[in-house]
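Before any comments, here is the structure.
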Amino acid sequence: MDKKTITAKELVKKFSISYHTLNYYAAIGLIPVVSKIGNIRYFDEDEVKLRLEKISELIKEGYPLNLIRKRIIGA
């Protein structure tokens, strides 16, 4: 089964997050980049959706991002 990829620009629009937030989440490993061609990053749309839902849940529960990262990616 082929993964459906989405660019950073499309991701920001579709999931209503800021570009700054996306960059930060990608930089700390919360949202993995599937591939990069030139300056365009591609993400797995389904994975992003699941991770953003989980991140949102944990933020509402009061977890800081460093603990969310540990919980989601185990690092």
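Quick note on my numbering: the sequence shown kicks off at 5 and runs consecutively. Glycine included, every Cβ here is placed at the ideal spot set by N, Cα and C. None of these values were measured; they are calculated from a predicted model.
Under the rule that 16 or more other beta-carbon atoms within 10 Å means buried, what is I35, buried or exposed? Residue 35 sits at position 31 when you count from the first residue of the sequence shown. Burial of I35 is indicated by the presence of at least 16 other C-beta atoms within 10 angstroms of its C-beta.
In three-state terms, what does DSSP make of K13? As a first step, residue 13 must be located in the sequence shown, where it is residue number 9. Residue state, collapsed to three classes: helix.
Per-residue burial, Y23 [other beta carbons within 10 Å of its own, 16 or more giving buried]: Walking along the sequence shown from the start, residue 23 turns up at place 19. Exposed.
From which residue to which residue does the beta strand (DSSP E) around I76 run? As a first step, residue 76 must be located in the sequence shown, where it is residue number 72. Looking at the DSSP string, I76 is not in any beta strand (DSSP E); the run it does join, the alpha helix (DSSP H), is 69-77.
The beta strand (DSSP E) spanning S22 covers which residue range? Working through the sequence shown from its first residue, we reach residue 22 at position 18. First-last for S22: undefined, no H or E at that position.
Can you find the residues in the same chain that come closer than 8 Å, C-beta to C-beta, to T9, ignoring five residues on each side of it along the sequence? By 1-based counting over the sequence shown, the position of residue 9 is 5. Closer than 8 Å at Cβ, skipping near neighbours: V38, S39, Y46, F47, D48, E49.
L15 to N70 span [Cα, whole Å]: Translated into the one-based positions of the sequence shown, residue 15 becomes position 11. Translated into the one-based positions of the sequence shown, residue 70 becomes position 66. Rounded to whole angstroms, the separation of the alpha carbons of N70 and L15 is 23 Å.
When you compare only the Cα positions, how much space is there between L62 and L26? Residue numbering aside, residue 62 sits at position 58 when the sequence shown is read from its first letter. Residue numbering aside, residue 26 sits at position 22 when the sequence shown is read from its first letter. Cα to Cα, L62 sits roughly 17 Å from L26.
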